[in-house]
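Quick note: the first sequence uses UniProt numbering, first residue 1, plus one each step. By construction, the Cβ of each residue, glycine as well, lies at the ideal position given by its N, Cα and C atoms. Here the structure comes first, spelled out in structure tokens, and everything after it is commentary.
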Amino acid sequence: MIKVRMNDKIIEIEAGKRIVDLIGDKKYLAARVNGELRDINTEITEDVELNLIDFSTEEGKEIYWHSSSHVMAMAVKKLFPDAKLAIGPAIDQGFYYDFDKKEPFSPDDLAKIERKMKQIIDQDIPFERVVMKNKEILDFFEKRHESYKVQLIKEIEAEEISLYRNDDFADLCRGPHVPSTGYIHAFKLLSLAGAYWRGDVKETMLQRVYGISFPTQDQLNDYLKKIEEAKKRDHRKLGTELELFSIFEEAGAGLVHWHPKGATLRRIIEEYWIKEHLAADYQLNITPHIARGRLWHQSGHYDFYRDNMYALPVENEEYILKPMNCPGQILIYKSKVRSYRELPLKYAELGTVYRNELSGTLHGLLRVRGLTIDDAHIFCQPEQIEDELTKVLELAQKMLNKFGFHEFQVELSVRDPKDKEKYMGSDEEWERAEKGLIAALKRVGLEYKRMEGEAVFYGPKIDIKLLDALGREWQASTIQFDFNLPRRFDIEYMDRDGKHKQVVVIHRAIYGSLERFIGCLIEHYAGSFPLWLAPVQVVVMPITDKENRYAQQIVKRCKKQGLRVALNDKSEKINYRIREVEVSKVPYMLILGQREIVDKMVSVRKHKEGNLGQMKLKEFFSLLESEQGGEN
RNA sequence: GCCGGGAUAGCUCAGUGGUAGAGCAGGGGUUUUGUAAACCUCAGGUCGGGGGUUCGAAUCCCUUUCCCGGCUCCA
């Protein structure tokens, strides 16, 4: 007999029993055996401590989805024996598997694969772990003509490698897996996509199938429903419905046209930005949209960014439509000798730039070709770095919070320690910059993820990412050191000791771009903007035309109060108009009938909440004032 | 840019080789309305663009633009 401590209970069993035999139901998918992840098909031969893993945990989900991807691959191999297996991992939400197959999958194939998966699940085929010597396993997959697996094996240094078998299907895999295919209950294949082998453009394009699975049908239904709900928040859909913006085929891809309501929203966001930046000692400047080619040669953009730049001929010279604001701002800095007394000097600009992004990457407002960066450049001395970075992070936090963004992913991108050659700047600069970034993150108390080797060649950076309705990450704020431009432009200041010294340049943006930020904002609020952002804040509605004059007076007083107000006096029933305004997501309606005229009141209806009853107009104004500031 | 799927009225969508449709939105009229859709009526489309096959194309083929989902890229 051996002792097993399982989920904090100790039981005695005979040696050689499998973990799964100790468990009653199929809830548990795998286990940690003395801390190590194992299949629950594993036999127990000695005293151990077991922690059972179910679907509710991150690990559980990963195992479940990974096993699901094996089931999908099994089905694909049965239906299309020529398809070669590439990789099939679990991802944040579900799983995928990449196949190399001559004929791409058609959407109809998904249904076929699903049916075959169902059969495989019904057969409840065991997942069997097999450990082989490196050489053996190589032969095994070579015989099966699984060339991608062969490539992967060749890169594994371990002497023994595991694979998982289900009948005649086998996949190179570390595991663990659920004990048998019957553990996969509710699943759905979601989409098809092309994906390069190893994410490399020069490699073969594989066929990727995405799917999701859950232990119960209800969970699957909930998930699918959630996706449907998220699609209703899509900023592209809401942008049209709420008349915020358009992107026209006839005008060009990725070029945003702001309608009056969208332009109002954007103007409010810009005005808030200006207010905060002036308060934080930034100075505003404005730089031109085009500049001579030689400027972009000097900055280095011409060498590194040419493919993304739009060029235009001007007389006998090439001009460039600016893809960035840095060179212009730097010229302003350099327009005279700067003293250390001026530093830190902070230039900010809502700079509209144009970038020739690959057509396949464009996405509503979130990825465009013409964008306005809320750009700023901080010129400072080395010893000012930490304070300045801290101020930027504080400002970013404050401003993002103002818009209701409280949770965001923060990434610190540093250079690849193994390949220091490919970066500009000295070791000293990199170390100082990185130290400053980390210290600032610590000072403002932001959790962050360190991204080794993700820095751009000219310096380390911090990125803050916002999520869209479907949970996809989009970079908003960014704080980047630049060791390149100060050298290329000889950006200096006169120090206290009378010597010219190279200045430290930090690029930073808080919104990232107005376009992307507003795209995320629309999805964040699902189009129901808080009062301070709503393009129209109040709609005044007389019930019949007997109240029109009173309504006009109310509109006038609202305008005088500084509200964005509209009158809706069309000859539709009041219920019709209430619905009309309700779906347009305007925060407040004032409904005026004979009663209101007699009592000198307004009847207030709040978006999503309904009738708040009658009040004096002054009371209404103070009600609005209490929520006018947004969050903070 | 690459892989796959798309594009029909302002919007959402039906229409698989034989005279282009619906709902909503819009115009006109009737209705004067009390907290989420009154009624009648009218108008609206080179079926994304170009080329081809066919007696005949929204429908089949080619091409191009744009969109969607991924991949890649993201100074």
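Same chain, Cβ closer than 8 Å to residue i, neighbours up to 5 away in sequence not counted
| i | result |
| --- | --- |
| N632 | Confidence at N632 is low in this model, with a pLDDT of 45, below 50, so the placement of that residue should be treated as unreliable; the coordinate-derived value is given next. Correct list, in chain order: K398, N401, K402. |
| K548 | At residue 548 the sequence reads Asn, which differs from the Lys that was named. So the qualifying residues of the chain are P542, D569. |
| V150 | L138, F141, E142 |
| S571 | D545 |
| L441 | L393, V410, L412, Y448, I462 |
| A291 | Y319, I320, K322, P327, G328 |
| Y272 | M399, K402 |
Close Cβ partners of residue i (< 7 Å) along its chain, the five nearest in sequence each way excluded
| i | result |
| --- | --- |
| G182 | I121, D124 |
| Q475 | D463, K465, G512 |
| M117 | V71, M72, A75, F187 |
| S339 | Y493, M494 |
| K618 | none |
| H235 | G364, L365, G519, I522, E523 |
| L467 | E473 |
Closest residue to residue i among the options (Cα-Cα distance)
| i | options | result |
| --- | --- | --- |
| N41 | F127, L514, W258, A440 | F127 |
| G562 | G610, E625, F517, R549 | E625 |
| residue 640 | F408, G425, E386 | There is simply no residue 640 to check, as the chain begins at 1 and stops at 632 in what is shown. |
| V337 | D490, E582, K560, S528 | D490 |
| E349 | S622, I13, K101, H507 | H507 |
| K608 | A230, I574, P530 | P530 |
| G364 | I518, I153, S69, I597 | I518 |
| M377 | G293, E270, R355, P344 | The amino acid at residue 377 is misidentified as Met; the sequence shows His. The residue with the shortest Cα to Cα distance from H377 is P344. |
| Q219 | R595, F55, G16, Y588 | F55 |
| N308 | I510, N316, M324, R557 | M324 |
| E452 | A439, T478, K420 | K420 |
| V209 | L437, I87, K135 | I87 |
| E596 | E627, R557, Y550 | Y550 |
| P89 | L22, E203, C173, E114 | C173 |
| K616 | K600, F408, K606, R605 | K600 |
| K84 | L206, S191, L470, R306 | L206 |
Start and end residues, alpha helix (DSSP H) containing residue i
| i | result |
| --- | --- |
| I184 | From DSSP, I184 is part of no alpha helix (DSSP H); its letter is neither H nor E. |
| V583 | 574-583 |
| R516 | 514-524 |
| A439 | 427-444 |
| S626 | 617-628 |
| K556 | 548-560 |
| A170 | That residue, A170, is in no alpha helix (DSSP H); its beta strand (DSSP E) goes 169-172. |
| L395 | 385-402 |
| I63 | 58-79 |
| H235 | 235-241 |
| I330 | 326-333 |
Spatial neighbours of residue i in its chain, beta-carbon cut-off 6 Å, leaving aside the 5 residues before and after
| i | result |
| --- | --- |
| G328 | T287 |
| V131 | E160, S162 |
| E434 | V414, P460 |
| V555 | V540, V565, L567 |
| G94 | W65, G211, I212 |
| R32 | N51 |
| K143 | none |
| G425 | F483 |
| R38 | A31, P176 |
| D47 | I2, K3 |
Residues that residue i bridges to, as DSSP identifies them
| i | result |
| --- | --- |
| I268 | Answer is none; I268 lacks a bridge partner. |
| E349 | D375 |
| P587 | DSSP, once it has assigned bridges, lists no residue as partnering P587. |
| F489 | Answer by DSSP bridge pairing: none, since F489 is not bridged. |
| residue 634 | Residue coverage of the chain in this structure runs from 1 to 632, which leaves residue 634 outside it and unanswerable. |
| Q207 | F99, G194 |
| P542 | L592 |
| Y354 | G370 |
| Q480 | K461, H507 |
| I212 | K188 |
| E411 | K449, D463 |
Delimiting residues of the beta strand (DSSP E) encompassing residue i
| i | result |
| --- | --- |
| A30 | 28-33 |
| R450 | 449-452 |
| I320 | 317-321 |
| H301 | First-last for H301: 301-305, but that is the alpha helix (DSSP H), not the beta strand (DSSP E). |
| L220 | Counting along the chain, L220 falls outside any beta strand (DSSP E), though it belongs to the alpha helix (DSSP H) covering 217-232. |
| N166 | 160-166 |
| L567 | 565-567 |
| Q502 | 500-502 |
**Report entry** Continuous alpha helix (DSSP H) assignments of at least 4 residues falling wholly in the stretch 101-147
**Finding:** As summarised for the stretch 101-147, the continuous alpha helix (DSSP H) elements at least 4 residues long and confined to that stretch are 107-122, 134-143, given in chain order.
Query raised in the report: Can you give, in chain order, each stretch of the beta strand (DSSP E) that sits fully within the UniProt domain "TGS" (1-54) and has at least 3 residues?
Result: As far as the UniProt domain "TGS" (1-54) is concerned, its whole beta strand (DSSP E) runs of at least 3 residues are 2-6, 9-13, 28-33, 36-39, 48-54.
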